[in-house]
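Single-structure report; data block below.
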Amino acid sequence: MPGRLLDRIAIITGSSSGIGRQTAFLFVKEGAKVVCADLQPGTWREDAAQNGESDGPTHERITKDGGSAIFVKTDVSKPEEVEALVAAAVKEYGRLDIMINNAGFALESRNPQPIWDMPLDVLDKMIPVNINGVYYGVKYASKQMITQEPLQPSGDRGWILNAASVYGLVGSAHASVYCTTKGAVANLTRAAALDCAPYRIHVNAVNPGYVHSHMTDPLFAAPEVLKDIEPLHPFRGLGRPEDIAKAYLFLASDDAQWMSGVNMNVDGGFLASKPDGSWSWLVTLHVTASLPLEVSPRNRTPDKVDHGVFLNSQGTFPTPKKIQSDGFRPRMDMGN
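Take the sequence shown: its letters are residues 1 to 336, numbered as in the UniProt record's numbering.
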């Protein structure tokens, strides 16, 4: 039986680990050819083996298993590199059908502060990736897609999917920058959908809740963390990277043929009970800045490791040696 993405060409940013990696595997299983984009082809995590990433970079595993994939080193904060990424996909495969703007990160988790105390360099570092990077992806992918002949029998020219977050729809204390960036992605998705609709290009976003992956394993190893966070997700507790990958698959397939401008919540019911965000004070956990941390670089050179964060493969995150309660909910990047 043919896969739902048979012979479609997909770019996936942040592809080296987590949600991006699982999305690449799933898309290839459904018949797609994948262009993996990240700062490095593989994770640098010391615990990669126990998290199922010891079998090499994403694109190498795909080709080893008989699929079609290439890797293009890309810093999504640089428009010329995103434009070159799209050009590389077209050069290799002849067209671009699917663009997954998955890369993004958070710098506030280690040292959460109210907006009046938030260092401006946090804003300066997150906007280029979380907002600009997604904007560039939408811009250059759509520019290519409008030149292409529609796929048959759907008549559609392309599918653009953005990684937003539940925190793009509701606020969270001490996370003003992250909420700002993800809110921008949510509304960018709506605006771009209107521009692209006449050309039969879908533009949608996925809003993940807390996702349990190797990036958050050190945090969730503390029983008190799971005890407080899991009840916020009424359906089955924390999510998995595969849950988000399956949402991307649905939105990139003909099953979602009449969907555009949608921000789809994939959160285990996280937003269903308190959509006004009034639950934001319930979880009282904080990885304090004063705790000793083993900071492991993820697709960044060591000199770019700072702040200590929980995030995806466009940045870095810490492995806490100790976690304590301190009146704040830890927060993960919802875009990997």
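We treat Cβ as the ideally placed atom computed from N, Cα and C, and that holds for glycine. Please read these numbers as outputs of a predicted model, since none were measured by experiment.
{"Item": "Where do the N-terminal and C-terminal ends of the alpha helix (DSSP H) with M145 fall, by residue?", "Value": "V134 to M145"}
{"Item": "Give me whichever residues DSSP pairs with F25 in a beta bridge.", "Value": "The partner list for F25 (beta bridge, DSSP) is empty, contrary to what the question assumes."}
{"Item": "Across the segment 171-178 and the segment 149-156, are there enough close Cβ pairs to call them in contact, namely three or more that are closer than 8 Å?", "Value": "no"}
{"Item": "Which residue wins for smallest C-alpha separation from V266, given the options E242, T63, E224 and H202?", "Value": "E242"}
{"Item": "Tell me the DSSP bridge mates of N162?", "Value": "N101 and A205"}
{"Item": "Is the segment 192-212 touching the segment 238-258, taking contact as three or more C-beta pairs under 8 Å?", "Value": "yes"}
{"Item": "Could you give the residue range of the beta strand (DSSP E) that holds T13?", "Value": "I9 to T13"}
{"Item": "To which residues of the same chain is R200 closer than 7 Å at the C-beta, ignoring the five residues directly before and after it?", "Value": "P150, G155, D156 and R157"}
{"Item": "Looking at C36: is its Cβ nearer than 9 Å to the Cβ of G20?", "Value": "yes"}
{"Item": "Could you give the first and the last residue of the continuous alpha helix (DSSP H) run that contains D38?", "Value": "No alpha helix (DSSP H) contains D38, which is instead part of the beta strand (DSSP E) from K33 to D38."}
{"Item": "Out of curiosity, what's the CA-to-CA distance linking A89 and L194?", "Value": "25 Å"}
{"Item": "Less than 9 Å between the C-beta atoms of M264 and N204, yes or no?", "Value": "yes"}
{"Item": "Output needed for V262: all residues of its chain with C-beta closer than 6 Å, excluding positions within five of it in sequence on either side, in chain order.", "Value": "N204"}
{"Item": "Is S280 helix, strand or coil when you go by DSSP?", "Value": "Here S280 scores only 46 on pLDDT, less than 50, and its place in the model should not be relied on; the value that follows carries that caveat. Looking at S280 - three-state DSSP - the assignment turns out to be helix."}
{"Item": "What does the Cβ neighbour count give for I12, buried or exposed, with the cut at 16 atoms within 10 Å?", "Value": "buried"}
{"Item": "According to DSSP, is V262 part of a helix, a strand, or is it coil?", "Value": "coil"}
{"Item": "How about L188 and Y135: do their beta carbons lie closer than 9 Å?", "Value": "yes"}
{"Item": "Can you have a look at T147 and say buried or exposed, based on whether 16 or more other CB atoms are within 10 angstroms of its CB?", "Value": "exposed"}
{"Item": "With which residues is G239 paired in a DSSP beta bridge?", "Value": "V211"}
{"Item": "For L85, which residues from the same chain have a beta carbon less than 6 Å from its beta carbon, with the 5 sequence-adjacent residues on both sides left out?", "Value": "A37, V72 and T74"}
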